[in-house]
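**Q** Attaching a single structure in structure tokens format; questions to follow.
In the numbering used here, the protein residues as written are 0 to 440.
Below is the structure:
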């Protein structure tokens, strides 16, 4: 006689999904960001050893995002077809190998080429995970799940500085520069972890061995009903990518990404100018804003449970980011670093909420491609930010001037965010502008 497995309560199921899925996704994103951004620590050494100037560095840092953006939509459509387990593992293998190949850069041309290839290889990871989370978590849980996933960026930047600095102390070993060892030894772990993803990450609830058939069916049915409610008529049409609300979400995300990648690629060099600091000291100080970002990502997105709360948190987050960068741009070393920390608290609160808007308006293939489209367009900010900062630093001799411009951009983004509405909300009226609490059902 077969004894039926008791169906767990929704709260217990949510906890189980967080425990089973999020560690794998967070580790993948940690490795992704280590390999995407470790050139920030190598910036000075690339100049000294290879003659790559600040402007060339800024261009190379940004070129990653051009091919990344162009490859996002096809990558997400492929993942929707072949499954997350295979596709995320493939992404990790290719980006790990190309990141390790950065150790063999010889000058500006090879630097540009490998950054372009790295963008193609890594494309699809973030929007792919955003799509993947829609298979498992409802709207109330999704901002929290996204916030946890974005801890990968925080942890990568917390450990990236000290670990990268330690690896660069291998300078001279076997005739290699320290930055070459850093690229090689931070790239290969992604290839190894791809095997873990392949073995442990289920494509959907129905494929999870730790869920009963009834539990998996219940999760998928709840998600399907919620998707139908939000996506509305014509949800499968790709023309929905170009609706005013999704374009508005893209604009806000674009401004956000300008900020994120400017801080990622230029914070170590800004801190390096605070005084006579060792590479390890710069790495440790660079980690402080990312500790603040991790705290924000864990503690705040859980409150984004209704459309009204989402909008208030989004606007508050953008304004807080602007204030922090404004403080950093006009202050001495101590208050400047505090300003970066204040801004960083809201980095991933904002990002975890932004993707709720397109996810609430699309479904099926349109959702898969649409999330890639939103991320691709928004990530062009990752090209604009570092490139403009590099030019400003070259022309004025002071990177802080660029931070003032970005702070103003964030204020504009906050004003735009007031008009964002999720798919299940009532249509916006003129009274909703300036009243973020409207339409909170």
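Each residue gets a CB set at the ideal place from its N, CA and C atoms; glycine is no exception.
Output the distance between the C-alpha atoms of residue 103 and residue 187, rounded to the nearest integer angstrom.
**A** Their backbone Cα atoms lie some 14 Å apart in a straight line.
**Q** Helix, strand or coil: which one does DSSP assign to residue 244?
**A** Correct three-state label for residue 244: helix.
**Q** Relative to the C-alpha of residue 294, which candidate in 184, 38 and 348 has its C-alpha closest?
**A** Nearest of 184, 38 and 348 to residue 294, Cα basis: 348.
**Q** Buried or exposed for residue 138, please, with buried defined as at least 16 other CB atoms from any protein chain shown within 10 angstroms of its CB.
**A** Classification for residue 138: buried.
**Q** For residue 94, which three-state DSSP category applies?
**A** Note: residue 94 maps to helix in three-state DSSP.
**Q** Whose C-beta lies closer than 7 Å to the C-beta of residue 247 among residues of the same chain, with five residues either side of it excluded?
**A** Excluding sequence neighbours, residue 247 sits near 415, 418 and 419.
**Q** Quick check: what's the CA-CA separation for residue 93 versus residue 331?
**A** The straight-line gap from Cα to Cα measures roughly 42 Å.
**Q** Going straight from the alpha carbon of residue 390 to that of residue 309, what length do you get?
**A** The alpha-carbon atoms of residue 390 and residue 309 are separated by roughly 35 Å.
**Q** Would a C-beta distance cut-off of 8 Å place residue 189 and residue 91 closer than the cut-off?
**A** Contact flag set, yes.
**Q** Taking C-alpha atoms, which residue in 387, 285 and 370 lies nearest to residue 335?
**A** If we check each option's Cα against that of residue 335, 285 comes out closest.
**Q** I'd like to check one pair, residue 30 with residue 192: are the Cβ atoms closer than 8 Å?
**A** Yes, these two residues count as a Cβ contact at 8 Å.
**Q** Write down the C-beta distance between residue 338 and residue 316 rounded to the nearest angstrom, noting that I regard them as a contact closer than 8 Å.
**A** At roughly 15 Å, the Cβ-Cβ gap does not stay under 8 Å, so residue 338 and residue 316 are not in contact.
**Q** Distance check for residue 146 and residue 344, CA to CA, integer angstroms please.
**A** Taking the straight line joining both Cα atoms gives about 12 Å.
**Q** Taking all protein chains shown into account, decide if residue 235 is buried (16 or more other Cβ within 10 angstroms of its Cβ) or exposed.
**A** Any reading at residue 235 is ruled out, since the residue's pLDDT is 46, under 50, leaving its predicted position unreliable.
**Q** Nearest-angstrom Cα distance between residue 346 and residue 212?
**A** Those two C-alpha atoms are separated by around 38 Å.
**Q** Based on Cα-Cα distance, which residue from 223, 216, 155 and 70 lies nearest to residue 116?
**A** Cα-wise, what sits closest to residue 116 is 70.
**Q** So, helix, strand or coil for residue 178, using DSSP?
**A** If DSSP states are grouped into helix, strand and coil, residue 178 belongs with the helices.
**Q** Would the segment 71-80 and the segment 145-162 be scored as touching if the rule is three or more Cβ pairs under 8 Å?
**A** Not touching, per the Cβ criterion.
**Q** Out of 49, 292, 384 and 272, point me to the one whose CA is closest to residue 333's CA.
**A** Nearest option by C-alpha distance: 272.
**Q** Taking the alpha-carbon of residue 20 as reference, which of 141, 98, 63 and 49 has the nearest alpha-carbon?
**A** The shortest Cα separation from residue 20 among 141, 98, 63 and 49 belongs to 141.
**Q** Would you kindly work out how many angstroms separate the C-alpha atoms of residue 264 and residue 33, rounded to a whole number?
**A** Rounded to the nearest angstrom, the two C-alpha atoms are 12 Å apart.
**Q** Using the three-state DSSP reduction, which class does residue 417 fall into: helix, strand or coil?
**A** The answer is coil: DSSP assigns residue 417 none of H, G, I, E or B.
**Q** For residue 291 and residue 372, I'd like the C-alpha separation in whole angstroms.
**A** In a straight line, the C-alpha of residue 291 is about 29 Å away from that of residue 372.
**Q** Which residues in the same chain as residue 124 place their Cβ atom closer than 6 Å to its Cβ, once the five residues preceding and following it in sequence are excluded?
**A** 31 and 90, listed in sequence order.
**Q** Considering only the alpha carbon of each residue, which of 37, 14 and 114 lies closest to residue 282?
**A** With distances taken between Cα atoms, residue 282 lies closest to 37.
**Q** The alpha helix (DSSP H) with residue 311 in it runs from where to where?
**A** Taken as a continuous stretch (DSSP letters only), the alpha helix (DSSP H) holding residue 311 covers 306-329.
**Q** Nearest by alpha-carbon distance to residue 127: which of 78, 105, 168 and 167 is it?
**A** Nearest of 78, 105, 168 and 167 to residue 127, Cα basis: 78.
**Q** Mind checking residue 171: buried by the 16 CB within 10 Å criterion, or exposed?
**A** Exposed, by the Cβ-count rule.
**Q** For residue 106, I'd like the list of residues in its chain whose CB is within less than 8 Å of its CB, leaving aside the five on either flank, ordered along the chain.
**A** Once the five neighbours on either side are set aside, the close Cβ partners of residue 106 are 49, 50 and 51.
**Q** What residue range does the alpha helix (DSSP H) around residue 141 cover?
**A** Note, residue 141: alpha helix (DSSP H), 138-148.
**Q** Determine the direct distance from the alpha carbon of residue 165 to that of residue 173, and round the result to whole angstroms.
**A** So the two alpha carbons sit approximately 16 Å from each other.
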